[in-house]
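Student:
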Amino acid sequence: MSGFTATRCGDLRASDAGHEVELYGWVARRRDHGGLIFIDLRDRWGVAQVTINEANTSTAAYAAASSLRSEYVVRVKGRVEKRPVENVNPKMPTGEVEVFATDLEVLSTSKTPPFPVEGDQEPEERVRLKYRYLDLRRARMQNILETRHRVNKITHAYWDAHDFLEVETPILTKSTPEGARDFLVPSRLYPGQFYALPQSPQQMKQLLMVSGVQRYYQIARCLRDEDLRADRAAEFTQLDVEMSFNDEEDVFELIEGWIGRLWDEILGIDLPRPWPRLTMKDALLRYGTDKPDLRYELEIADLGEVLKDTQAQVFRGALDAGGVVRGLAVPGGSDMTRRELDELVTLARGAGARGLAWLPGGPLDKFLTPAELEGVKRATGAGEGDLVLLAADRRRRAEKVMGLVRSDVARRRGLVREGEWRFLWIYPMFLFDEDDEGNLTYGHHPFTRPMEEDLAFIDERPYDVRAHAYDFVCNGYELASGSLRIYDRAMQERVFQILGLSQETIEARFGHLLEAFEYGVPPHGGIAPGLDRIVMMLTGTDNIRDVIAFPKTQSMQDLLMDAPSEVERKQLDELGLEIKRPG
RNA sequence: GGUCCCGUGGUGCAGUCUGGCCCAGCACGCGGCCCUGUCAAGGCCGAGAUCGCCGGUUCGAAUCCGGUCGGGACCGCCA
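Numbering-wise, the numbering used here puts 251 at position 268 of the first sequence, and it's gapless, one number per residue.
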């Protein structure tokens, strides 16, 4: 029997009493009583107590036990014994037994670790990342690794059971300047030309539908060279799904089933189905975001109607410029301090707003008529003791500001109902969006299918065109995005044209897709949930790096491997590259 | 590109606002000794930090100012 098949520390139970066992593991803790030494021996499955009694073991074994320090790797031979009742440790699954060591061998010693592997103390992230292999040894991280594995396993089983085929798609692919910035890979055989790492297998999965795969899924790595956030990594993992001859209801059904399975098997929670749906328009109006957190109420109201004749300058100005006034009632908010309000104003300014107003008690009270004040109260549902926060701006900015204010107010006033899971679909979404320069761009991606009934006004009022596009959202996180796709060459070209792409650009970048569309394309569509974020939810962390074994810092460095790093001159020469150094 | 928070022995924190009581405190860890029923073992003793780095202000700087580096949060960005 090798150590690989030996008894696992965490598996020991009362029923093992009397057995001779061999254990392999790391020293979690050592309690030396002088003549009697207790070792908590840890492996992936748990911790068992090894007892070494000077009186009943070899001198060599006792000497070895005395020399043990934290994180030494040892092999122990001994006999499992039931502990006397008074010595049972009910806090440990293995607490009913202990292993009396007859033989103990140090397989590997350890320096004092840079931070404690045992205990719940969270070291600074810089240190954790540099010594990631030790960080991952901690129980919390082991649990995350295991949860992630189980998510993958359940996911494979689920989609396989629905006859989906996993197909691997290339890592070296073609750059598409639309969307996120690509990671580029220089080509050795074609100097001056580049591959791109995939932002997602979007086009490949559509081509697989043309191939007749009909039901495709892949646990796919995606790479985007954009700045990072707490919930955004440069390389991340999507469950990529695509199917043929389907409508959005098929997608909703399958996804709700899959998420339901994950929550049931991993958390033992039975999620209610079907999930509620919210149109993009309503999400932005009522919650100020496309990923609302429904664990608290705080609904935003449009005040354009009640303030349509107002003489208050800030509101008048915004409304006359075609903007909006939006308000949010804070229950019991009249007790908010000036300092808190100032912090909210700072938050609003940070989002580009000129300011944030409040009623009553703010400087605007005297500019509103009693009827207008009454109207604001009614529209926002504000009662006695409540405070109304207001933003007046261009619609998109006012929405953004109120959305940020809403979540900040909920957080600082403790309105978030922890422990709730509020899944919902954002559907339908808009086909187009407006970028910062006021130009038309796509809402989801350029392959999204417009709703047939809205095509009539696609040229006149493009922003009002709804799409067969959907996100699913939970507790303020966007967990997935998807759509039904265009499967008609003419329609696809038309959308590209509306987006302002020239015929040459269309041909160069998407010619392969358009050509494929000439050979019998099934109507198709799909979705791509972010697996990292789903694991974040399941493990209760708000940091995406926690659910990635070897993550990079916010500034995209790998502190363990020390990447990125310079390469040798010879490598550059082979690629025909020269480095332009700034300065 | 921008805004904000953080950086103090190996680790986690206090001290910074209001400069001198701090050649820096606490807990854990670490080293030595004692200890035969602990499980966050206990007791005694001990070592370990020029307070991220550079510069400035001051009689005097962990503390104030400027810069810089690193980590984090956010805005922009993320089809």
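All C-beta atoms in this analysis are idealised placements derived from N, C-alpha and C, irrespective of residue type, glycine included.
Let me know the secondary structure DSSP gives W568 once reduced to three states.
Tutor: As shown, the chain starts at -16 and ends at 566. That puts residue 568 outside it, with no answer to give.
Student: Rounded to whole angstroms, how far is the Cβ of V71 from the Cβ of A31, which I believe are closer than 8 Å?
Tutor: With 8 Å as the limit, V71 and A31 do not qualify as a contact, their Cβ atoms being about 13 Å apart.
Student: Since A511 and L222 should fall inside the 8 Å C-beta cutoff, what is the C-beta to C-beta distance between them, to a whole number of angstroms?
Tutor: About 7 Å separates the two Cβ atoms, so the contact holds.
Student: Give the secondary structure of K136 by DSSP, where H, G and I count as helix, E and B as strand, and everything else as coil.
Tutor: If DSSP states are grouped into helix, strand and coil, K136 belongs with the helices.
Student: Give every residue of the same chain whose Cβ lies closer than 8 Å to the Cβ of A44, excluding the five residues on either side of it in the sequence, and list them in chain order.
Tutor: Excluding residues within five positions, the ones whose Cβ falls inside 8 Å are I35, A84, T85, D86 and L87.
Student: Among the candidates G78, V89, P67 and G17, whose CA atom is the shortest distance from the CA of W9?
Tutor: The shortest C-alpha separation from W9 is found at V89.
Student: How should F440 be labelled, buried or exposed, when 16 other C-beta atoms within 10 angstroms of its C-beta is the threshold for buried?
Tutor: Result: exposed.
Student: Kindly list the residues whose CB is nearer than 7 Å to the CB of R212, restricted to its own chain and excluding five residues on each side of it in sequence; keep chain order.
Tutor: No residues qualify anywhere along the chain.
Student: How should R395 be labelled, buried or exposed, when 16 other C-beta atoms within 10 angstroms of its C-beta is the threshold for buried?
Tutor: Exposed, by the Cβ-count rule.
Student: List the endpoints of the continuous alpha helix (DSSP H) containing L356.
Tutor: Counting along the chain, the alpha helix (DSSP H) containing L356 begins and ends at P353 to T363.
Student: CA-CA distance, D447 and R378?
Tutor: Answer to the nearest angstrom: the Cα atoms are 14 Å apart.
Student: Would you call R14 buried or exposed, if buried means 16 or more other Cβ atoms sit within 10 Å of its Cβ?
Tutor: Answer is exposed; the Cβ neighbour count stays below 16.
Student: So the alpha helix (DSSP H) R111 belongs to, where does it begin and stop?
Tutor: E108 to K113 is the span of the alpha helix (DSSP H), which, as asked, contains R111.
Student: Between D437 and I283, what straight-line distance do the alpha-carbon atoms span, to the nearest angstrom?
Tutor: Distance between the alpha carbons of D437 and I283: 27 Å.
Student: Less than 7 Å between the C-beta atoms of L387 and W341, yes or no?
Tutor: Contact: no.
Student: Taking the straight line between their C-alpha atoms, what separation do you get for L128 and I202?
Tutor: Taking the straight line joining both Cα atoms gives about 16 Å.
Student: Would you call the segment 90 to 108 and the segment 47 to 61 in contact, with 3 or more CB pairs under 8 Å?
Tutor: At 8 Å Cβ cutoff, the stretches touch.
Student: Do A(-3) and E79 come within 7 Å of each other at the CB atom, strictly closer than that value?
Tutor: Yes, the pair counts as a contact, with Cβ atoms nearer than the cut-off.
Student: Which class does I469 belong to by DSSP, given the choice of helix, strand or coil?
Tutor: I469 falls in the coil class under three-state DSSP.
Student: Report all residues from its chain with a CB closer than 8 Å to the CB of L555; omit the five preceding and five following residues, and keep chain order.
Tutor: Hits under 8 Å: E561 and I562.
Student: By Cβ distance, which residues of its chain are closer than 6 Å to A362, with the 5 residues on each side in sequence left out?
Tutor: Result list for A362: A284, L286 and V289, in chain order.
Student: For L250, which residues in the same chain have their Cβ closer than 8 Å to its Cβ, ignoring the five residues on either side in sequence?
Tutor: L521, listed in sequence order.
Student: What ranges does the beta strand (DSSP E) occupy inside the segment 3 to 66, keeping only unbroken runs of at least 3 residues that lie completely in it?
Tutor: Entirely contained in the segment 3 to 66, the beta strand (DSSP E) runs reaching 3 residues are, in chain order, 3 to 15, 19 to 26, 29 to 36 and 56 to 65.
Student: Measure the beta-carbon distance from G509 to K60 and round it to whole angstroms, keeping in mind my assumption that it falls under 8 Å.
Tutor: 55 Å between Cβ atoms; not a contact.
Student: Between Q176 and L155, what straight-line distance do the alpha-carbon atoms span, to the nearest angstrom?
Tutor: One C-alpha to the other measures close to 12 Å.
Student: At the level of alpha carbons, what is the spacing between R564 and L462?
Tutor: Roughly 40 Å between the two C-alpha positions.
Student: Have a look at G345, F455 and L407 and flag the residue whose alpha-carbon is nearest the alpha-carbon of L370.
Tutor: Ranking the options by Cα distance to L370, first place goes to G345.
Student: Identify every residue that forms a DSSP beta bridge with W341.
Tutor: Its beta-bridge partners are L372.
Student: If we count the other Cβ atoms within 10 Å of its Cβ and call it buried at 16 or more, is V308 buried or exposed?
Tutor: With 16 or more Cβ atoms within 10 Å of its Cβ, V308 is classed as buried.
Student: Looking at the unbroken beta strand (DSSP E) that takes in W241, where does it start and where does it end?
Tutor: Per DSSP, W241 belongs to no beta strand (DSSP E); it is in the alpha helix (DSSP H), E231 to L245.
Student: Quick one: any contact between the segment 406 to 417 and the segment 299 to 313, if contact means 3 or more CB pairs under 8 Å?
Tutor: No, the segment 406 to 417 is not in contact with the segment 299 to 313.
Student: For my contact list, G(-14) and R58 are in at a C-beta cut-off of 8 Å; report their separation, rounded to the angstrom.
Tutor: Indeed, because the Cβ distance is near 7 Å, the residues count as touching under 8 Å.
Student: Taking 8 Å as the threshold, find out whether the segment 425 to 433 comes into contact with the segment 467 to 482 through three or more Cβ pairs.
Tutor: They touch, by the three-pair rule.
Student: Look at the Cβ atom of A312, then the Cβ atom of G358, and state whether they are nearer than 7 Å.
Tutor: It is not a contact, given that the beta carbons lie outside the stated cut-off.
Student: What residues are listed by DSSP as bridge partners for D454?
Tutor: Paired residue(s): I409 and S464.
Student: From the DSSP output, in three-state form, read off A393 for me.
Tutor: Helix, per DSSP.
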